[in-house]
Amino acid sequence: MSQAIKKVTKPQKRVSFLSDIKRNNFSYMIALPAIIYMFIFSYMAYPYLLLAFQRYDYRNNTIKDIIFHGNWVGLDNFKFFFSSQNVFRVTYNTLFLNILFIITGTVMSVLLALLLNELRCKWFIKSTQSIMLFPNYISWIMVSYILLSLFSTEYGIANQMLTALGKNPVNWYAEPKIWPAILVIMRIWKGAGMNAIIYLAAITGMDSSLNEAAAIDGANRFQIMTKITLPLITPTIVVMTLLSLGKIMYGDFGMIYALVGDNGLLYSTTDIIDTYVFRALRQVGDVSQSTAIGLFQSVIGFVMVYGSNWLARKFYPDGALY
Amino acid sequence: MKKYSWANFFIGLFILLFTLVCFLPMLLTVIVSFTDEMTIMQNGYSFFPEKWSLYAYSLIFKGGSSVVRGYMVSVVVTVIGTVLAIVITGLTGYTLANKNVYYRGALGLYFFIPMVFGSGIVPWYLICTALHLRNNIFALIVPNLLFNVFNMFLVRNFMSGLPDSLRESATIDGANDMIIALKIYFPLALPVLATVGLFYALGYWNDWWNAIMLVEDKNLYPVQYLLLQLKSQISMIRDLQLASGAAIQTPPSESLKMATSVITVGPIVLLYPFLQKYYVKGMVVGSVKG
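Chains as they are written, first to last, in my numbering: chain A, 1 to 322; chain B, 323 to 612.
Structural data, given as structure tokens:
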């Protein structure tokens with residue numbers, strides 16, 4: 001975005017900050033609520049990161065206390081986290097699940113977009129789209145109930161089918177191995193419709209003369225789809241993928257906690273950094289260690305965002321987010 | 323066109339299958355919520371229950387139930403929060419789009435930095451505690467949801483796209499910044515304000531993070547958080563039944579759970595035409611152009 005900002009800035013005489021405020025007092029005044037909000041919730045949060053290098057004392061709650069009266073312990077909090085087995089598990093799960101989501105989600109939504117683009121029947125497209133988009137709006141908690149209706153051990157549809165086929169019912173909520181698959185399916189179920197619409201918008205925004213020329217040259221529909229449409233939306237795919245790569249260190253807490261909750265049986269495959277930090281804070285009450293893990297996540301996350309954006313800009317200059 | 327008809331058929335079939343996969347689980351949840359509890363106990367969840375029942379809904383809507391209270395909390399939080407959020411976001415978006423503001427680039431950077439370098443939940447939690455955003459309605463409205471930088475940039479991009487001549491001609495006619503903002507820019511930006519309004523509204527309605535982190539008072543639980551708790555707490559269902567004065571038979575836990583989850587979708591169904599129009603447009607513009 002800073003690039004975009006530079007682009008629109010006309011060469012202007014340098015103005016001092018105070019005189020700019022004086023000249024545009026109304027504009028600065030109306031931006032004040034957001035500026036204060038960001039200052040309190042984002043910038044004031046940075047000093048608290050020092051807690052990652054301290055042993056937290058509940059009496060030291062103000063920033064001043066943390067800086068001047070902190071109980072400094074160096075890197076002990078990080079050492080503790082990294083020496084426990086959890087760090088490998090939660091980091092692996094976070095990355096593994098996110099990569100799975102990115103790959104399956106992209107394939108499914110691009111496929112849906114390409115196929116929707118082939119159809120001409122207006123009412124069919126409209127009505128299927130309306131239904132496909134619905135899961136995108138509901139909360140993950142609601143999704144967890146829908147999941148329950150399918151996979152509940154006693155009453156779920158999945159077990160009814162298994163019984164009907166003469167097999168033993170499965171206790172789905174105690175089988176960590178199948179949960180990555182369940183999470184992937186629910187992710188696609190909830191998000192693929194919306195992402196397909198985004199790709200579809202990219203397709204319909206393209207120049208159709210190429211398709212027409214190819215059709216005149218005798219290309220069939222499948223060839224047009226794979227040789228023309230797909231290459232043309234590849235930049236969009238690359239950019240969207242890189243942007244999700246930038247967020248790869250951040251698990252979807254809302255999703256995992258709503259679907260898995262505090263079900264310890266499933267932690268081995270579903271526990272991600274975000275849920276781990278949440279438990280460390282809420283259930284164990286370990287403020288310093290939670291801060292340390294959060295800082296670890298922020299630093300790696302920052303590198304990932306920066307790196308992926310650099311790649312996006314390299315591949316496709318218009319597509320970089322900032 | 324004739325030779326494409328088979329291809330069209332299979333493409334249509336695939337889309338239809340995906341749509342059904344999206345639709346049927348939701349339908350199942352709705353059907354279960356209308357199913358008699360004994361039927362569920364005997365046959366499990368089913369698309370074609372032997373016996374239907376409205377008992378779960380009658381329990382929910384009987385006076386004094388915690389679900390109704392949670393619903394009211396959610397409605398109040400969503401309405402107040404969305405209105406405030408639109409105002410704050412729209413005003414800031416205008417400032418950043420105002421080409422007379424020399425330091426708007428620096429201001430943009432100020433908003434942008436926290437987007438790429440967050441500080442995790444612990445500092446956030448300690449700040450909320452320090453501000454006494456605990457166990458009150460503000461704890462559900464203010465933290466996290468009240469201002470979203472992404473939405474603000476969406477508004478800014480839209481307003482930056484309006485022609486400069488609007489501002490220039492208005493200035494020549496003697497309009498000041500305030501009149502230009504209120505009489506020209508905001509009316510023109512209504513579509514994008516509707517979009518971010520829906521983003522915010524949906525964010526508030528579906529939120530339970532603030533509740534799980536900052537609220538312990540049961541009277542302040544929003545409906546989504548109640549729903550989360552309902553999944554594991556049969557005792558809450560007992561309370562609900564006692565409050566309604568019903569004789570204790572088998573607590574209708576299964577259908578009651580599903581009924582509660584179904585009614586949380588109500589406002590989304592209500593707003594669906596607008597969501598289809600503005601929300602989707604915002605998603606498309608936001609993700610393709612950033």
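Positions of the beta carbon are idealized from the N, C-alpha and C atoms, including for glycine.
Using a Cβ distance threshold of 7 Å, Val518 of chain B and Ser396 of chain B do not count as a contacting pair.
When rounded, the separation of the alpha-carbon atoms in Ile506 of chain B and Val184 of chain A is 46 Å.
Below the 7 Å Cβ cutoff, chain B contributes Ile449 as neighbours of Met44 of chain A, in chain order. Separation of Leu243 of chain A and Thr62 of chain A (C-alpha to C-alpha, rounded to the nearest whole angstrom) is 36 Å.
In the structure shown, the three-state DSSP call for Arg282 of chain A is helix.
Contacts with chain B at 7 Å (Cβ-Cβ) do not include Gly307 of chain A.
The C-alpha of Arg313 of chain A lies about 14 Å from the C-alpha of Thr234 of chain A.
Note on Val107 of chain A: under 16 other CB atoms within 10 angstroms of its CB, so exposed under the neighbour-count rule. In the DSSP assignment, Ile459 of chain B falls within the unbroken alpha helix (DSSP H) covering Ile459 to Ile463. The closest CA to that of Val277 of chain A, considering only B:Leu550, B:Leu520, B:Tyr601 and B:Gly442, is found on B:Gly442. Counting the other Cβ atoms within 10 Å of the Cβ of Ala329 of chain B gives fewer than 16, which makes it exposed. Contact residues of the stretch 517-549 of chain B toward chain A are Leu524, Trp527, Asn528, Asp529, Trp530, Trp531, Ile534, Met535, Gln546, Tyr547 and Leu549 (C-beta to C-beta distance below 9 Å). Beta-bridge analysis with DSSP links Gln54 of chain A to A:Trp72. Within the same chain, Arg89, Val90 and Asn93 come within 7 Å of Asp271 of chain A by CB-CB distance, once the 5 residues on both sides are set aside. Between Val299 of chain A and the set B:Leu413, B:Val401, B:Met437 and B:Thr417, the nearest pair of CA atoms involves B:Met437.
For Ile300 of chain A, the uninterrupted alpha helix (DSSP H) run begins and ends at Val287 to Phe315, by DSSP. For Trp328 of chain B, the enclosing alpha helix (DSSP H) starts and ends at Ser327 to Ser355. Sequence-distant Cβ neighbours of Met304 of chain A in its own chain, meaning closer than 7 Å and more than five residues away, are Leu245, Gly246, Ile248 and Met249. Interface annotation, Met500 of chain B: in contact with chain A, CB-CB separation under 7 Å. At least 7 Å separates the CB of Asp57 of chain A from every CB of chain B. Excluding the 5 residues flanking it on each side, Tyr601 of chain B has same chain C-beta neighbours closer than 8 Å at Thr517, Leu520, Phe521 and Leu524, in chain order. Taking a 10 Å sphere around the C-beta of Gln129 of chain A, we find 16 or more other C-beta atoms and assign the residue as buried. Against chain B, a Cβ distance below 8 Å from Leu112 of chain A picks out Ile337 and Phe340. Contact check for Thr361 of chain B against Tyr526 of chain B fails: the beta carbons are separated by 7 Å or more.
Between Val464 of chain B and Leu455 of chain B a beta carbon distance of about 6 Å is seen, short of the 8 Å cut, so the two are scored as contacting. For Gly525 of chain B, the enclosing alpha helix (DSSP H) starts and ends at Leu512 to Trp527. Residue-level contact check: Ala31 of chain A touches chain B, since one or more beta carbons of chain B fall below 7 Å from its beta carbon.
DSSP places Trp374 of chain B in the strand class (E or B) of the three-state scheme. Within chain B, the C-beta atoms nearer than 9 Å to that of Phe302 of chain A come from Val438, Phe439 and Gly440, in chain order. DSSP, read as helix, strand or coil, puts Cys121 of chain A in coil. Residue contact with chain B for Thr91 of chain A: absent (no Cβ-Cβ distance below 7 Å to any residue of chain B). Identification of chain A residues near Tyr425 of chain B by a Cβ-Cβ cut-off of 7 Å yields Phe17 and Asp20, ordered along the chain.
Under the three-state reduction of DSSP output, Met249 of chain A falls in the coil class, being neither helix nor strand.
Contact of Leu49 of chain A with chain B is assigned, a C-beta pair being separated by under 7 Å. In this structure, the CA atom of Ala158 of chain A is about 30 Å from the CA atom of Ile197 of chain A.
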